[in-house]
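Take a look at the structure set out below.
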Amino acid sequence: MKTASLALPGTLALSAPPPLSLYIHIPWCVRKCPYCDFNSHQADGGVPEMAYAEALLRDLELALPQIWGRKIGSIFFGGGTPSILSGEALDKILCGIRALVPLEAGAEISLEANPGTVDANRFAEYRAAGVNRLSLGIQSFNRHHLKALGRIHDEHEARQAVELARAHFDNINLDLMYALPGQTLEEVLSDIHAALDYKPQHLSAYHLTIEPNTWFYHHPPEVPDDDLSASMQEEIESLLAAHGYQHYETSAFSLAQHQCRHNLNYWLFGDYLGIGAGAHSKLSLPDRIVRQARQRQPQAYLEASGQGRPIQTEQEVLIADLGFEFMMNVLRLTGGFSLGLFARRTGLSVAALQDSLDVAVQRGLLEIDGQHVRPTLLGQRFLNDLLQLFLTGDDV
Numbered sequence: 010m011k012t013a014s015l016a017l018p019g020t021l022a023l024s025a026p027p028p029l030s031l032y033i034h035i036p037w038c039v040r041k042c043p044y045c046d047f048n049s050h051q052a053d054g055g056v057p058e059m060a061y062a063e064a065l066l067r068d069l070e071l072a073l074p075q076i077w078g079r080k081i082g083s084i085f086f087g088g089g090t091p092s093i094l095s096g097e098a099l100d101k102i103l104c105g106i107r108a109l110v111p112l113e114a115g116a117e118i119s120l121e122a123n124p125g126t127v128d129a130n131r132f133a134e135y136r137a138a139g140v141n142r143l144s145l146g147i148q149s150f151n152r153h154h155l156k157a158l159g160r161i162h163d164e165h166e167a168r169q170a171v172e173l174a175r176a177h178f179d180n181i182n183l184d185l186m187y188a189l190p191g192q193t194l195e196e197v198l199s200d201i202h203a204a205l206d207y208k209p210q211h212l213s214a215y216h217l218t219i220e221p222n223t224w225f226y227h228h229p230p231e232v233p234d235d236d237l238s239a240s241m242q243e244e245i246e247s248l249l250a251a252h253g254y255q256h257y258e259t260s261a262f263s264l265a266q267h268q269c270r271h272n273l274n275y276w277l278f279g280d281y282l283g284i285g286a287g288a289h290s291k292l293s294l295p296d297r298i299v300r301q302a303r304q305r306q307p308q309a310y311l312e313a314s315g316q317g318r319p320i321q322t323e324q325e326v327l328i329a330d331l332g333f334e335f336m337m338n339v340l341r342l343t344g345g346f347s348l349g350l351f352a353r354r355t356g357l358s359v360a361a362l363q364d365s366l367d368v369a370v371q372r373g374l375l376e377i378d379g380q381h382v383r384p385t386l387l388g389q390r391f392l393n394d395l396l397q398l399f400l401t402g403d404d405v
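Sequential numbering from 10 applies to the sequence shown in our numbering.
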């Protein structure tokens with residue numbers, strides 16, 4: 010796929026800006042998990058939460074010229090462990106956000122929580138502050154697997170956290186992981202059944218991956234082989250479908266009308282402003298699309314935000330890369346996308362994709378019905394191979 014000649018840098022023309030979300034990164038956790046490659050830091054000396062709240066709001070204020078006049082459709086507190094924050098700190102952040110930017114009516118406000126850091130009072134405070142969707146990092150209901158993953162909670166605390174969440178929130182997500190060290194298919198299905206007992210509105214089932222710069226990478230555990238992992242994935246999908254959950258994204262399942270709106274905006278190549286230590290942004294400006302990264306280390310971020318320079322890097326997305334970046338997101342959606350969305354989100358003609366689309370269809374990885382494109386089951390299973398076609402455009 011050759012798109013570099015379609016436009017010059019700084020000359021992109023979008024018909025309208027896409028929907029906009031706000032991501033807020035909380036970089037601290039109680040203990041770093043051995044599989045985690047996120048920007049998270051063990052909070053051994055406590056968390057300067059009020060200073061951090063002020064830095065976040067200063068960061069947002071500095072970003073206003075780039076998002077002026079646009080409404081925020083969703084807010085997501087990720088980490089790290091956002092539930093390490095007090096209700097007072099969270100309320101300060103959300104009140105400050107409302108004073109600076111307009112929110113869409115009924116905006117989704119999500120917060121990730123670790124079962125080992127929550128209690129009834131804290132959940133009540135989060136709800137009162139405006140959080141209307143809670144995502145619990147359960148990972149497993151099995152004590153041995155939780156220990157192997159380095160989680161700070163056990164299976165009893167996991168269940169207690171879900172019960173507390175149900176008492177305070179109408180919309181909850183449970184994060185689970187599979188293909189864990191020593192895990193059997195029966196144990197995977199036991200975890201899924203345990204989650205289904207609570208009838209959560211949303212479930213995420215992530216395959217454990219061994220990422221560079223993690224403890225697991227340097228001390229690899231023995232994990233299920235590819236065949237067993239594939240069987241686990243297929244059985245998870247079948248079981249959740251039988252209980253009425255729609256498999257709408259690679260790792261995401263929801264009951265009707267409870268898809269994660271914030272993540273959907275990512276996957277549909279919408280815009281997001283990321284504030285906080287190490288947060289990333291993707292913003293569509295009148296003539297270009299840019300990506301930004303904030304200062305990664307919490308202390309460096311606090312200092313940089315106070316000095317009015319929280320952004321560490323900013324670069325324009327090259328025209329030649331837009332096709333791949335778009336497809337890397339939308340092809341995670343099992344329902345696919347409309348060809349018209351490509352033009353609206355990138356400012357490019359669909360002709361930029363045509364050769365790669367044709368090859369993907371020939372190989373049985375995509376199907377096209379009129380103006381709608383969706384990955385086949387084979388394409389979902391071999392997503393990286395499918396994406397490679399849009400990265401290189403080679404007919405190989």
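Here a beta-carbon is modelled for each residue, glycine too, at the ideal position from N, C-alpha and C.
| Check | Outcome |
| --- | --- |
| Simplified DSSP assignment, three categories, for Gln397 | helix |
| Residue from Leu277, Ile320 and Leu73 whose Cα sits closest to the Cα of Arg107 | Leu73 |
| Straight-line Cα distance separating Ser119 from Ala313 | 26 Å |
| Those residues which DSSP pairs with Asp184 across a bridge | Gly146 and Ser213 |
| Pairwise C-alpha distance: Ser347 and Val382 | 6 Å |
| Neighbourhood of Arg136 by C-beta, 7 Å cutoff - its chain only, sequence neighbours within 5 removed | His177 and Phe178 |
| Contact check, Leu94 vs Glu117, beta carbons under 7 Å | no |
| Alpha carbon of Leu173 to alpha carbon of Asp330, nearest angstrom | 45 Å |
| Proximity winner among Val56, Trp37 and Leu158, relative to Phe47 (alpha-carbon distances) | Trp37 |
| Assigned exposure category for Thr90 - 16 Cβ within 10 Å defines buried | buried |
| Glu134 and Gly87 closer than 7 Å at C-beta | no |
| Inter-residue spacing [alpha-carbon to alpha-carbon] between Lys156 and Leu375 | 40 Å |
| Inter-residue spacing [alpha-carbon to alpha-carbon] between Ile35 and Ala52 | 11 Å |
| Sheet register partners of Lys291 (DSSP bridge) | Tyr281 and Arg300 |
| Simplified DSSP state of Ala129, which is helix, strand or coil | helix |
| Alpha helix (DSSP H) runs contained entirely in the segment 291-375, provided each spans 4 or more residues | 307-315, 328-339, 348-355 and 363-371 |
| 8 Å CB neighbourhood of Pro221 in its chain, flanking five on each side removed | Asp46 |
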